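K.L.:
Below is a structure I'd like to ask you about.
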Amino acid sequence: MNRFIDIISEQLKNAFTECGYDGSKVTASVSNRPDLCEYQCNGAMVLAKGAGKAPIMIADEVVEKLTGCSLFSDVQAVKPGFINIKVSGDAAADYINNMSSAEKFGLNEPETKKKIIIDYGGANVAKPLHIGHLRSAIIGESIKRICNYAGHEAIGDVHLGDWGLQMGQIIAELQERQPELPYFDDAFAGEYPSESPFTISELEEIYPCASKKCKEDPYFAEKAHQATADLQAGKPGYMAVWNHVLNVSVADLKKNYDNLDVHFELWKKESDAQPYIPDMIQDMKNKGLLQESEGALVVDIAEETDKKELPPCIVVKSDGATLYSTTDLATIVERVKLFDPQYIVYVVDKRQELHFTQVFRTARKAGIAGADLDMYFLGFGTMNGKDGQPYKTRSGGVMRLETLISEINEAVADKMRENREFAQEELDAAAKIIGLAALKYGDLSNQATKDYIFDISRFTSFEGNTGPYILYTIVRIKSILRKYGKEPSGKVIFTGQKAEKEIMLQLTRFSEVIETAYNELAPHKICSYIYDLSNAFNVFYHEIKILSEEDEDRKDSYLSLLQLTRRVLEQCIELLGFSAPEQM
Ligand code: ARG
């Protein structure tokens, strides 16, 4: 379906062309003076110079041409040469009626369907999920849903960190605590137990303890390093421990991500990329890309246009070990081999930007990423507390995700209790749904690259630009529809009300908003859209008698309009990664 704004532009282009001007240079845009008009066009200003005429003269001619056009109810030329437009309510109603019966509300399929890998989540095995990984999960999940809805095939990969020093630390610590375990007996030839020697809560205690020891005790640190190297060289007992860590962690991570309504198609890990490393390095050597620098092998990635000097990408360290960049390069090799994607999007903390610049440039130089593969680093900002510092627990520690979620749900439950009484079970269930919306909307409504202040009381407010406000709007519409007691016909007619037209015009923007959100990987565009749409609905709700309207056709039209509004809002929140309760 053509976008509404394009239909308007088309009409204007034609009018300019018919008046003898180059209509291809003309477009319409949403008015930035809603008090004066709904759409505007500055084509006359653009064309004035070439035509050797005052813009207002051109605008006058075009407006003359447009009189009687059924798409517009009012077109005016204003000085110095703007064309101010109001569209006809009937035309807007026709458009949204078509939207209502079209697949995806008339959103067009892309010209070429892309296979897109979204690398998000990025949790590290054995470390509890903390809020540092929250933004990646929330933003990545939404972007994946937007890509799919836009008609592409998006594959989410959690890309677990399972291959670093933390593994060696855990192994070393476990060995100190339970040296009798068979994993540490080099002579052991039997089968290792399938039961893990630790539970997730034990693991969560083992890891920080080991990591602390590493900082304090050089002897222990050395042991942890050695264990990491032995593990990476494939030592069977250590591999068995690593497997236990992985299984125990993944089960716990899945539960946590499920609670966030975040789901991955792939549960790949850094270790999965390791087998690709030797050939990759050999190939880079053959291509003469690797230079020696203080014993390490590096790739020079500097480019003339760089504003500051970029350090080379280290591929092999002086002690022969590979690092984070090596793994990310090999992961691209693996992804190309297994999936042949056209696009890889990394949703990672913006402080890792240099790392990804190094990886992307090296991948291009080495031919790991061909010309038909786009890579994009979507670096997000930090979630801060009210003091402007990264959000912490009251005692100043790293905040665990579970703690954060229960704090939010508590705050939501309190707000709900203020409104009316609830049965405990009902309250808990609704608070969980609303709390998730508060958390996700609070995050997604900010441009991803920016830092933002995590403010529980603002995020959980039922008023203002918040998740609960959007849900409240949906719940209110649902309740009106329930009271109506029958299914509205679905056909909207324009009855001449301003508030009604405002909802219609907001609805017509849907495709444009989704396309922009996809092109710019910007969930916040969807947030601001549903905020506008919710506001339009709430004005309508306060100004117009809906259920008490006596004219049955009008009433049916109002309810059809609300029905479509509800469907669009629900689709949008689905793309953001949350849902609405029945009541709140
Ligand atoms: N595990 C990493 C971290 O915690 C994030 C992984 C991001 N993805 C990637 N392909 N490097 O920092």
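Residue numbers for the sequence shown follow our numbering, so the first one is 825 and each next one is one higher.
Even glycine gets a Cβ: it sits at the ideal position worked out from N, Cα and C.
On a predicted model such as this, the values are computed, not experimentally measured, just so you know.
1. Taking one C-beta from the region 993 to 1010 and one from the region 1094 to 1111 each time, how about it: are there three or more such pairs within less than 8 Å?
2. Kindly indicate the opening and closing residues of the beta strand (DSSP E) around Gly980.
3. Expressed to the nearest angstrom, what Euclidean distance is found between the alpha-carbon atoms of Glu888 and Phe840?
4. Verify the CB distance criterion: does Ile1397 have a CB-CB separation below 9 Å to chain C?
5. Among Val1183, Gln990 and Val1337, whose alpha-carbon lies nearest the alpha-carbon of Phe828?
6. I'd like to confirm the pairing. Which residues does DSSP put opposite Glu1116 in its beta bridges?
7. Among Ala1097, Phe1201, Asp1124 and Tyr1167, whose alpha-carbon lies nearest the alpha-carbon of Thr1150?
8. Pick out whichever of Asn1289, Ser1018, Thr891 and Asp986 has its Cα sitting closest to the Cα of Lys910.
9. Just reading off the alpha helix (DSSP H) that Met869 is part of, what are its end residues?
10. Check Cys1411 in the structure and name its three-state DSSP category.
11. Assign Pro858 to one of two classes, buried (16 or more other C-beta atoms within 10 Å of its C-beta) or exposed (fewer than that).
12. So for Val1086, helix, strand or coil by DSSP?
13. Checking 9 Å against the spacing of the C-beta atoms, do Thr1023 and Val1072 come in under that value?
14. For Ile1030, which residues of its own chain have a beta-carbon under 7 Å away from its beta-carbon, when the five flanking residues on both sides are left out?
15. Rounded to a whole number of angstroms, what is the C-alpha to C-alpha distance between Asp1375 and Leu1197?
16. Straight-line CA distance for Leu1371 to Ser1335?
17. Within the continuous beta strand (DSSP E) that includes Tyr1016, where are the two ends?
18. For Lys968, which residues from the same chain have a beta carbon less than 6 Å from its beta carbon, with the 5 sequence-adjacent residues on both sides left out?
19. What would DSSP say about Thr1273, mapped onto helix, strand or coil?
20. Going by other Cβ atoms of all chains shown within 10 Å of its Cβ, with 16 needed for buried, is Gln1050 buried or exposed?
21. What is the DSSP secondary structure of Pro1060, counted as helix, strand or coil?
22. State yes or no: is the C-beta of Gln1176 nearer than 8 Å to some heavy atom of ligand 1?
23. Tell me whether Ala947, by its Cβ, gets closer than 8 Å to a heavy atom of ligand 1.
24. Straight-line CA distance for Glu1089 to Asp898?
25. What residues match up with Gly1203 in a beta bridge as DSSP calls it?
26. So which of Met1328, Phe1402, Met1240 and Lys1036 has the shortest CA-CA distance to Lys1381?
27. Does ligand 1 have even one heavy atom less than 8 Å from the beta-carbon of Gly892?
28. Among Pro1017, Tyr1355 and Val1074, which has the Cα closest to the Cα of Pro1292?
29. Let me know if Ala1126 comes out buried or exposed under the rule of 16 or more other beta-carbons within 10 Å of its beta-carbon.
30. Under 8 Å by Cβ, that's how I've got His954 and Met1223 pegged, so tell me the actual separation to the nearest angstrom.
31. Helix or strand or just coil, what does DSSP make of Gln1387?
32. Counting C-beta neighbours from all protein chains within 10 Å, is the total for Tyr1043 16 or more, i.e. buried, or is it exposed?
33. What residues are listed by DSSP as bridge partners for His954?
34. According to the Cβ coordinates, are Ala947 and Leu1153 closer than 9 Å?
35. Quick check: what's the CA-CA separation for Ser1219 versus Arg959?
P.N.:
Taking the structure as given:
1. no
2. Glu977 to Asp981
3. 11 Å
4. The structure shown contains no chain C; it is built from a single protein chain.
5. Val1337
6. Leu1121
7. Ala1097
8. Thr891
9. Gly867 to Ala875
10. A question about residue 1411 goes unanswered here, because the residues of the chain that appear run from 825 up to 1408.
11. exposed
12. coil
13. yes
14. Ile994, Glu997, Leu998 and Phe1022
15. 58 Å
16. 30 Å
17. Run containing Tyr1016: none; DSSP gives neither H nor E here.
18. Ile942, Ala978 and Gly980
19. coil
20. exposed
21. helix
22. yes
23. yes
24. 51 Å
25. Val1172
26. What sits at residue 1381 in the sequence shown is Ser, not Lys. The candidate whose alpha carbon is nearest that of Ser1381 is Met1328.
27. no
28. Tyr1355
29. exposed
30. 6 Å
31. helix
32. exposed
33. Arg1224
34. no
35. 22 Å
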